[in-house]
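A quick write-up on the structure given underneath.
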Amino acid sequence: MIRKLLNGDIDRIADIWLKTNLKAHYFISNQYWKSNYELVKEMMSQYEVYVFEADKMIQGFVGLNDKYIEGIFVSDEMQSCGIGKLLLDYVKDKKVSLRLNVYQKNARAISFYQREGFIIQCEGLDEATGEKEYTMLWKRK
């Protein structure tokens, strides 16, 4: 089931956020993610966040800032089970276009988004990490 974020969900989704970033972004210092943990927890309530819950346990979430996807995160043990696609389809139903940034070294995420109809719009640099990234765009047909 997909539903809106509740205040009581923040610790669980922040935990998923941290573990997923540490694993997917092995090329960025662990300290970078750990030092942003509390800030991310605070920001969660400012964004449009939807969680995927199964058996009363949150297994993933998507965060939106208008049409910008801040991220899609799925718990380690539930990755490659279709949860990311369900979350993405859910927000695609709500928006006519979506945009996101993804690190160029995160090949798995890039191929996921391309498979889901996103195209690479441009290349840039994440100032905070010094890593190259792509801006990707999706538009409803």
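Numbering-wise, the sequence shown is residues 1 to 141 according to UniProt numbering.
Don't be surprised by glycine CBs; every beta carbon is placed ideally from N, CA and C.
Please read these numbers as outputs of a predicted model, since none were measured by experiment.
By the Cβ criterion, the segment 26–38 is not in contact with the segment 74–82, since fewer than three pairs of Cβ atoms, one from each stretch, lie closer than 8 Å. Here the segment 57–71 lies against the segment 81–98, with 3 or more beta-carbon pairs under 8 Å apart. Around the beta carbon of F27, a 10 Å sphere encloses fewer than 16 other beta carbons of the protein chains shown; the residue is thus reported as exposed.
Judged by DSSP secondary structure, G63 falls within the beta strand (DSSP E) whose first and last residues are 57–65.
R12: member of the alpha helix (DSSP H) spanning 10–24, first to last residue. If you look at G71, you'll find it in the beta strand (DSSP E) that goes 68–74.
Measuring C-alpha to C-alpha distances from I69 to each of G82, I119, L100, A54 identifies L100 as the nearest. Of all alpha-carbon atoms in K94, E133, Y47, K19, the one lying nearest the alpha-carbon of E123 is that of E133.
Take E53, set aside five residues on each side of it, and the residues of its chain with a beta-carbon closer than 6 Å to its own are M1, in chain order.
Within 10 angstroms of the beta-carbon of L5 lie 16 or more other beta-carbons, which makes it buried. A residue is called buried once 16 or more other Cβ atoms fall within 10 Å of its Cβ, and M57, having fewer, is exposed. In this structure, the straight-line span from the alpha carbon of K41 to that of D66 is close to 19 Å. The three-state secondary structure of G84, taken from DSSP, is helix.
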